[in-house]
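In case it helps, numbering that gives the first Met the number 0 puts the sequence shown at residues 0 to 613.
Just so it is clear, CB atoms sit at the ideal spot from N, CA and C, and this is done for glycine as well.
The structure displayed is predicted, hence computed values, not measured ones.
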Amino acid sequence: MMRLRLLISLSMLLAACGAGTSDPDDPLPSVTDPGITDPDTPDSGAPDAGSSDSDSGTPDAGASDGGSVDAGTGPGDGGSADAGTDPQPVPEVERPYTLPKLQTTVPEYALTMPPEVLEKFMREPLTGEQDATFQANGKTFPVKVRLRGASARYFDKKSWNVSFADKDKFEGRTSLNLVAEYADASMIAEKISYDLLAAMRVPASKATFVRLSVNGRYEGVFVEVEQVNKAFVKARQFPDDDASIYRAGWKDTEFKTWKVPYQGDWVKKTNESEPDDALWEVLDVINHTPEPQLVAALEKNLEIESYVRSMVLDALMSNNFVEDSESYFMHDDITGRWRYVPWDLNNVDARWWYANSVEDQSASTSNMKHPLFNFTLLDGWVEKMYQQRKLEQGSYPGYLPTFSNMGTRVVLNPVLRARLEARLDKALDELFTSKVMDPYIDQLHALIDASMKTDPYMDYAKFSAGKAYMKRFVKFRREFVMAEVKRLKAARSTLVFQAFDPREGWVEVANHGAQAVSLQGMTLTTNLRVSLAGGDYAPTIVKAPMGAVLGNTTVAPGQTVRLTAASLGITFPAKGEVGLFDGTSVVGMKDALFYGQLPAGKHYARGAEGWEVR
0 MMRLRLLISL
10 SMLLAACGAG
20 TSDPDDPLPS
30 VTDPGITDPD
40 TPDSGAPDAG
50 SSDSDSGTPD
60 AGASDGGSVD
70 AGTGPGDGGS
80 ADAGTDPQPV
90 PEVERPYTLP
100 KLQTTVPEYA
110 LTMPPEVLEK
120 FMREPLTGEQ
130 DATFQANGKT
140 FPVKVRLRGA
150 SARYFDKKSW
160 NVSFADKDKF
170 EGRTSLNLVA
180 EYADASMIAE
190 KISYDLLAAM
200 RVPASKATFV
210 RLSVNGRYEG
220 VFVEVEQVNK
230 AFVKARQFPD
240 DDASIYRAGW
250 KDTEFKTWKV
260 PYQGDWVKKT
270 NESEPDDALW
280 EVLDVINHTP
290 EPQLVAALEK
300 NLEIESYVRS
310 MVLDALMSNN
320 FVEDSESYFM
330 HDDITGRWRY
340 VPWDLNNVDA
350 RWWYANSVED
360 QSASTSNMKH
370 PLFNFTLLDG
380 WVEKMYQQRK
390 LEQGSYPGYL
400 PTFSNMGTRV
410 VLNPVLRARL
420 EARLDKALDE
430 LFTSKVMDPY
440 IDQLHALIDA
450 SMKTDPYMDY
460 AKFSAGKAYM
470 KRFVKFRREF
480 VMAEVKRLKA
490 ARSTLVFQAF
500 DPREGWVEVA
510 NHGAQAVSLQ
520 GMTLTTNLRV
530 SLAGGDYAPT
540 IVKAPMGAVL
550 GNTTVAPGQT
560 VRLTAASLGI
570 TFPAKGEVGL
580 FDGTSVVGMK
590 DALFYGQLPA
600 GKHYARGAEG
610 WEVR
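So this is what it looks like as structure tokens:
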């Protein structure tokens, strides 16, 4: 067992033997905001013993724990106290969000490989790992290298993955991701995204600017993104330093229990010989926990606070293509909870798409208007992506709308929705403001400006204009997000599910509005990805027994109508999902419910505080 497990076992043994004054029958103290990096914990996030540098070799590249710099808000500095009186701890959720310290230098990395190997990478970007050497800080390491990314492999400026043998770790790390950022003419969108996560104390990868040469030729500025692996876990001193790490499958970060054929399976990165039972169990929790029990179940099984704050980042930086991110999901066997670790943040809409001109980017706001909440059924751009990718059958056969079931459950649950909005408000007040972000953007830009002048691939004129562009993005996006929060509160559907009994085969729809509403042409579906009444794309058109197009039933104000499975020719699974849609849009949701199996004689009913089991 690892050192931490031994300490835990020893402490449990001492407690059981009556050590000190503790009562072995006392419950363990509750955890507040589990999963959040506490910047006041000594050495929190430092690499494991034996690492030559607690900063993983990057000078001042950010807070060593991936969290915020302590801005005087910790338990010991939460205000003055009378002599002899211990100061009261400041609750974690009340501590300010503070950007991490910025690195002061840009490290120099160099890769060397046989010329024919480099030529092969350029000619065949999917070539597997090849032998090379890596130089940094006056040291040379034998390594394996390959190009990284999907479409990024075909850009002029290549991104690289560098792997080290365990015995030849580079400053405690066995892998480097050197991201070219070719698609982002500003060069800073991904770096900002990871630093915002750090500011909100979300354990995520560190992003560091470096200079890279390949075979003696300067290749420009890269962002080194910390690999999510065992070193990542140890560096943050998670309770279980041997956590099971999974990566979401190809084109799938949806947290569903089933996949479309083109989507890849979960990929286990550690403890590969152990069974995957815990993964399937938590996916069942996410998808099928009865709504009245959802908050307690997620807090028991996931680091839900950390996940909610990652949704805040998605909103701030307009994270797009989340389904392509192959983000990470790790299980801590000691806490019993799962942690979502976002990845591939170079796809945020905040980037300056490299093909766009300086003139376009000086005025356009088209990439700043991604609706809230990203990658959920409230996100209007789920429809936008659907309309695009359903036509690309060569890459996405049988494409269905993509959205996160976990994120969707968060925004549909009143308690979790309120928490999400509170964290978003906090970030908008303390972090994502021009007052905070503008000088930070200036510092980022100045840090790499000299190196960008000689970058052989990037347009320096665009990079120079990128500083003003990113400031404009922050200002516009902040105002847009605040308006979106208000819009969503005002736009909540008045046509809702009032009660549901899958065993008996009925669902009740109520009209909480002031106008009569016809159900004509709407759809009732047991698959939230299949919700259309018609159209030219069969995979998303409802049909029995999965769903049905509703007839001309009018629901008067205050009235409730009961729809039966028998009359509609549909079947309600014992556990699953049910949705009422407008029938014309894949995000035209009127109401939806994820549900679990209930005992005989019980059904779901909407009460004053939300869903209940009666």
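Straight-line CA distance for residue i to residue j?
i           : j           : result
residue 609 : residue 410 : 13 angstroms
residue 140 : residue 163 : 8 angstroms
residue 196 : residue 309 : 7 angstroms
residue 200 : residue 439 : 18 angstroms
residue 490 : residue 518 : 18 angstroms
residue 575 : residue 299 : 21 angstroms
residue 144 : residue 607 : 58 angstroms
residue 381 : residue 571 : 25 angstroms
residue 355 : residue 432 : 25 angstroms
residue 26  : residue 338 : With a pLDDT of 34 at residue 26, under the threshold of 50, the modelled position of this residue cannot be trusted, and the question is left open.
residue 408 : residue 611 : 16 angstroms
residue 160 : residue 448 : 24 angstroms
residue 383 : residue 115 : 43 angstroms
residue 434 : residue 334 : 39 angstroms
residue 155 : residue 592 : 47 angstroms
residue 92  : residue 235 : 19 angstroms
residue 79  : residue 96  : Interpretation of residue 79 is limited by its pLDDT of 42, a score under 50 that renders its predicted location unreliable; no figure is taken from the coordinates.
residue 133 : residue 152 : 20 angstroms
residue 292 : residue 597 : 12 angstroms
residue 77  : residue 430 : Since pLDDT at residue 77 reaches only 39, below the 50 mark, its modelled position is unreliable, and no value is offered.
residue 443 : residue 393 : 40 angstroms
residue 205 : residue 601 : 48 angstroms
Where do the ends of the alpha helix (DSSP H) carrying residue i lie?
i           : result
residue 558 : No alpha helix (DSSP H) holds residue 558; DSSP gives it neither H nor E.
residue 231 : 229 to 234
residue 279 : 276 to 287
residue 216 : Unbroken run through residue 216 is the beta strand (DSSP E), 216 to 225; no alpha helix (DSSP H).
residue 139 : First-last for residue 139: 138 to 146, but that is the beta strand (DSSP E), not the alpha helix (DSSP H).
residue 404 : 404 to 411
residue 381 : 380 to 388
residue 149 : Here residue 149 belongs to no alpha helix (DSSP H), and DSSP marks it neither H nor E.
residue 376 : From DSSP, residue 376 is part of no alpha helix (DSSP H); its letter is neither H nor E.
residue 162 : Run containing residue 162: none in the alpha helix (DSSP H); it sits in the beta strand (DSSP E), 159 to 163.
residue 125 : Per DSSP, residue 125 belongs to no alpha helix (DSSP H) and is neither H nor E.
residue 358 : 357 to 360
Please state whether DSSP places residue i in a helix, a strand or coil.
i           : result
residue 444 : helix
residue 319 : coil
residue 10  : Residue placement at residue 10 is flagged as unreliable, the pLDDT there being 43, under the threshold of 50; the coordinate-derived value follows with that caveat. Three-state DSSP puts residue 10 in a helix.
residue 50  : Low per-residue confidence applies at residue 50: pLDDT is 36, beneath 50, and the placement is therefore not dependable, though the value from the model is reported in the following sentence. Note: residue 50 maps to coil in three-state DSSP.
residue 176 : strand
residue 203 : coil
residue 590 : strand
residue 342 : coil
residue 103 : coil
residue 579 : strand
residue 613 : coil
residue 131 : strand
residue 571 : coil
residue 604 : strand
residue 622 : No statement about residue 622 is possible, as the shown extent of the chain runs from 0 to 613 and does not include it.
residue 240 : coil
residue 327 : strand
residue 419 : helix
residue 246 : strand
residue 595 : coil
residue 314 : helix
residue 350 : coil
residue 424 : helix
Starting from residue i, follow the beta strand (DSSP E) in both directions and report where the run begins and ends.
i           : result
residue 297 : No beta strand (DSSP E) holds residue 297; the alpha helix (DSSP H) holding it covers 293 to 300.
residue 117 : Not the beta strand (DSSP E): residue 117 falls in the alpha helix (DSSP H), residues 114 to 122.
residue 523 : 522 to 524
residue 92  : Segment: none, residue 92 is in no beta strand (DSSP E) and carries neither H nor E.
| Contained beta strand (DSSP E) runs [length at least 3] in the segment 488 to 518, N- to C-terminal order | 494 to 500, 505 to 510, all fully within the segment 488 to 518.
| query | Could you give the uninterrupted runs of the beta strand (DSSP E) lying entirely in the segment 529 to 553, keeping only those of 3 residues or more? | reply | Segments of the beta strand (DSSP E) lying fully in the segment 529 to 553: 546 to 548.
| How do the segment 559 to 571 and the segment 494 to 506 stand: do at least 3 beta-carbon pairs fall below 8 angstroms, yes or no? | Taking 8 angstroms as the limit for Cβ pairs, the verdict is that the segment 494 to 506 does touch the segment 559 to 571.
| said: Quick check: the segment 329 to 346 against the segment 236 to 247, are at least 3 beta-carbon pairs closer than 8 angstroms? | reply: As far as the Cβ criterion goes, the segment 236 to 247 touches the segment 329 to 346, which means the pair count is three or higher.
| message | Check whether the segment 358 to 374 and the segment 468 to 483 touch, using three or more Cβ-Cβ pairs below 8 angstroms as the test. | response | With three or more CB-CB distances shorter than 8 angstroms, the segment 358 to 374 counts as touching the segment 468 to 483.
| message | Tell me whether the segment 253 to 266 and the segment 280 to 297 touch, counting them as touching only if at least three CB pairs, one residue from each stretch, are closer than 8 angstroms. | response | Touching, yes, given that three or more Cβ pairs across the two stretches are closer than 8 angstroms.
| said: Under 8 angstroms: do the segment 344 to 364 and the segment 181 to 193 share three or more Cβ pairs, one atom per stretch? | reply: Yes, since at least three Cβ pairs between the segment 344 to 364 and the segment 181 to 193 fall closer than 8 angstroms, the two stretches touch.
| task | Take every Cβ of the segment 521 to 538, pair it with every Cβ of the segment 576 to 589, and state whether three or more of those distances are shorter than 8 angstroms. | result | When C-beta atoms of the segment 521 to 538 are compared with those of the segment 576 to 589, three or more pairs fall below 8 angstroms, so the two segments count as touching.
| query | Hey, is the segment 551 to 559 in contact with the segment 524 to 534, meaning 3+ C-beta pairs nearer than 8 angstroms? | reply | Counting Cβ pairs under 8 angstroms, fewer than three are found: no touch.
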